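J.: Below you'll find the structure I mean.
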Amino acid sequence: MDGTGRRQSRLDVFIARMSAQKAFLEDVATKIADIDGPVLELGLGNGRTFDHLREILPDREIFVFDRSVTAHPASIPDGDHMVIGEIRDTLAFCGPRVKRAAALVHCDLGTGDPTADLAKAHWLAPLITERTAPGGYVATGIALDLPDFDAHPRSADAELGRYWLYQKRR
Amino acid sequence: MSRLDSFLRRLTAQRTLIEAAAAHVAPLDGPIVELGIGNGRTFDHLAALFPDRKVFAFDEYFHSAVGVLPPAECMVAGDIRDTLPFALPRLGARAALVHNDLGAGDPSQHAAIASWLAPAIEAVARPDAVVITSFLLPFTRSVTLPLPDGVKPGRYHLMQLVPQEGAAQI
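Taken in sequence, the protein lines are chains C and D. Going by the numbering used here, the residue at position 147 of the first sequence is 147; the numbering climbs one at a time, nothing skipped. Basically the numbering used here = 1-based index in the second sequence + 170.
This is how it looks when you write it as structure tokens:
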């Protein structure tokens with residue numbers, strides 16, 4: 001229920017989710033100035049978030065991972081920065097291409113099914129840990145068990161929209 | 171403004187508009203009709219706003235997220251051009267509110283859809299039904315209602331059918 005006495009709809013939750021995602025990314029963009037390394041976007045989807053990342057981090061290299069490219073033509077990364085294939089496979093072997101550990105990893109791979117998301121979190125957490133620079137951030141739509149990271153406080157939008165922000169200890 | 175910003179604005183405007191339409195519909199009995207369920211977010215919002223009414227969703231097929239599928243009796247599968255004109259027995263009463271977000275943004279496609287959709291809506295909606303639509307529909311008699319604050323003109327329209335006699339009662 002919200003202030004109007006009705007239950008929260010999936011539209012409410014989705015707006016909260018996108019608002020939380022935008023707020024986390026904009027907050028992190030100001031905090032990673034002193035952290036070297038690229039941004040990894042896990043899941044291109046429609047490309048809206050990629051478009052936002054390149055707008056708020058114009059000088060940062062952004063690598064995008066997805067099994068196929070289904071984005072709007074206005075938001076497709078160039079061939080050097082689009083890693084196509086199952087992320088479970090490619091993330092582990094992207095070192096030669098991505099080179100440095102990431103200052104920011106953004107992950108919006110959630111399916112909405114709690115069991116599928118648990119399974120995904122299980123293989124994703126160690127791969128993300130390996131690819132994140134000390135002091136770097138992970139913004140994610142799936143809760144991740146990341147022992148080397150601290151979880152940041154979450155806004156009301158992040159609670160409702162299920163978004164999490166972690167920072168790797170230096 | 172990134173595509174994420176523009177998407178968030180569109181979602182928020184859509185929610186504001188649906189809630190404004192709901193206020194107009196409060197005194198009008200009848201079910202709610204959602205044309206094109208897509209991922210089910212708008213359907214779920216309509217269901218949350220109208221907990222005491224049936225909300226029917228029409229689409230070619232249903233692939234919404236887990237937990238948002240309408241009950242089977244309210245899920246009308248098939249080509250909307252075919253099903254909508256014959257839906258009155260299923261609806262049980264003339265619809266009070268119709269939400270149309272069909273089409274993919276191409277003006278020619280919208281014109282083609284509008285030509286069969288307007289009479290199909292008139293066949294199953296109250297003579298004073300409220301219609302939220304992403305493009306104007308050529309009803310026999312209708313008025314365009316003012317948009318609420320925060321909704322820019324052009325992207326969505328709020329229309330109301332006008333009965334053949336007694337337009338002044340609207």
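Heads up, the beta-carbon is just placed ideally off N, CA and C, and yes, glycines get one too. Every value quoted in this text rests on a predicted model; they were computed, and no experiment measured them.
Let me check you understand the geometry: is the CB of Asp-59 of chain C closer than 7 Å to at least one non-hydrogen atom of the ligand MG?
T.: The model on display carries no ligand, and the ligand MG is accordingly not part of it.
J.: Indicate whether at least one CB of chain C lies closer than 8 Å to the CB of Phe-232 of chain D.
T.: Taking Cβ atoms only, chain C never reaches closer than 8 Å to Phe-232 of chain D, which makes this a no.
J.: I'd like to know whether the C-beta atoms of Arg-311 of chain D and Leu-328 of chain D end up nearer to each other than 8 Å.
T.: Not in contact: Arg-311 of chain D and Leu-328 of chain D (Cβ atoms no closer than 8 Å).
J.: Just to confirm the assignment, what range does the beta strand (DSSP E) spanning Leu-198 of chain D have?
T.: Unbroken run through Leu-198 of chain D: none, as it is neither H nor E.
J.: Quick check: the Cα distance between Ile-87 of chain C and His-106 of chain C, rounded to an integer number of angstroms?
T.: For Ile-87 of chain C and His-106 of chain C, the distance between alpha carbons rounds to 13 Å.
J.: Taking only beta carbons into account, state which residues of the segment 207 to 220 of chain D come closer than 9 Å to chain C, listed in chain order.
T.: Of all residues in the segment 207 to 220 of chain D, Asn-209, Gly-210, Arg-211, Thr-212, Phe-213, Asp-214, His-215, Leu-216, Ala-217, Ala-218 and Leu-219 have a Cβ within less than 9 Å of some Cβ in chain C.
J.: Can you list the residues of chain C that Asp-229 of chain D reaches, using a CB-CB cut of under 8 Å?
T.: Under the 8 Å cutoff, chain C gives no residues; its nearest Cβ is about 16 Å from Asp-229 of chain D.
J.: Check distances from the C-beta atoms of the segment 178 to 194 of chain D to those of chain C and list, in chain order, the residues that come in under 9 Å.
T.: Going along the segment 178 to 194 of chain D in chain order, one finds Leu-178, Leu-181, Thr-182, Gln-184, Arg-185, Ile-188 and Glu-189 with a Cβ nearer than 9 Å to chain C.
J.: Just the chain C side, please: which residues come within less than 9 Å of Leu-328 of chain D by C-beta, in chain order?
T.: Result: empty, since nearest Cβ-Cβ is about 17 Å, beyond 9 Å.
J.: Could you tell me which whole beta strand (DSSP E) segments of length 3 or greater appear in the segment 86 to 143 of chain C?
T.: Taking only runs of at least 3 residues, the beta strand (DSSP E) segments lying wholly in the segment 86 to 143 of chain C are 102 to 107 and 132 to 140.
J.: If you reduce the DSSP assignment to three classes, tell me which class Arg-296 of chain D lands in.
T.: In the structure shown, Arg-296 of chain D sits in a strand (DSSP, three-state: E or B).
J.: Kindly list the residues whose CB is nearer than 8 Å to the CB of Leu-306 of chain D, restricted to its own chain and excluding five residues on each side of it in sequence; keep chain order.
T.: For Leu-306 of chain D, where only same-chain residues beyond five positions count, the Cβ hits under 8 Å are Ala-284, Thr-314, His-327 and Met-329.
J.: I'd like to know if Leu-174 of chain D contacts chain C, where contact means its C-beta is closer than 8 Å to some C-beta of that chain.
T.: Cβ-Cβ to chain C under 8 Å: yes for Leu-174 of chain D.
J.: Against chain C, with Cβ distances strictly below 8 Å, would Val-238 of chain D count as a contact?
T.: Answer yes: the Cβ-Cβ gap between Val-238 of chain D and chain C drops below 8 Å somewhere.
J.: Taking the alpha-carbon of Ala-274 of chain D as reference, which of D:Thr-186, D:Thr-303 and D:Gly-200 has the nearest alpha-carbon?
T.: It is D:Thr-303 whose Cα lies nearest to the Cα of Ala-274 of chain D.
J.: Below 8 Å between beta carbons: does that hold for Ala-263 of chain D and Pro-333 of chain D?
T.: No, they are not a contact pair.
J.: Could you tell me the distance, in whole angstroms, from the CA atom of Ala-337 of chain D to the CA atom of Leu-174 of chain D?
T.: Only weak support exists for where Ala-337 of chain D lies, its pLDDT of 48 falling under 50; the coordinates are left without a value.
J.: For Ile-302 of chain D, which beta-bridge partners are listed by DSSP?
T.: Looking at the DSSP assignment, Ile-302 of chain D forms a beta bridge with D:His-269 and D:Leu-328.
J.: Could you check whether the Cβ of Lys-22 of chain C sits closer than 8 Å to any Cβ belonging to chain D?
T.: By this cut-off, Lys-22 of chain C is an interface position.
J.: Figure out for me which residue from C:Tyr-166, C:Glu-61, C:Arg-7 and C:Ala-23 has the closest Cα to the Cα of His-215 of chain D.
T.: Per the Cα distances, C:Arg-7.
J.: Against chain D, which members of the segment 72 to 100 of chain C pass a CB distance test of less than 9 Å?
T.: The segment 72 to 100 of chain C vs chain D, Cβ under 9 Å: His-72, Ala-74 and Ser-75.
J.: Going by Cα to Cα distance, which pick from C:Ala-20, C:Phe-65 and C:Arg-10 is closest to Phe-153 of chain C?
T.: First, the amino acid is wrong: residue 153 of chain C is Pro here, not Phe. Among C:Ala-20, C:Phe-65 and C:Arg-10, the Cα nearest to that of Pro-153 of chain C belongs to C:Ala-20.
J.: Give a yes or no on whether the minimum CB-CB distance between Gly-47 of chain C and chain D is below 8 Å.
T.: Judged by the 8 Å Cβ criterion, Gly-47 of chain C is in contact with chain D.
J.: In the DSSP assignment, find the alpha helix (DSSP H) that holds Met-171 of chain D and state where it starts and stops.
T.: Met-171 of chain D -> no alpha helix (DSSP H), and no H or E assigned at all.
J.: Counting only Cβ pairs nearer than 7 Å, list the residues of chain D close to Asp-51 of chain C.
T.: Per Cβ cutoff of 7 Å: Ser-172, Arg-173 and Leu-174.
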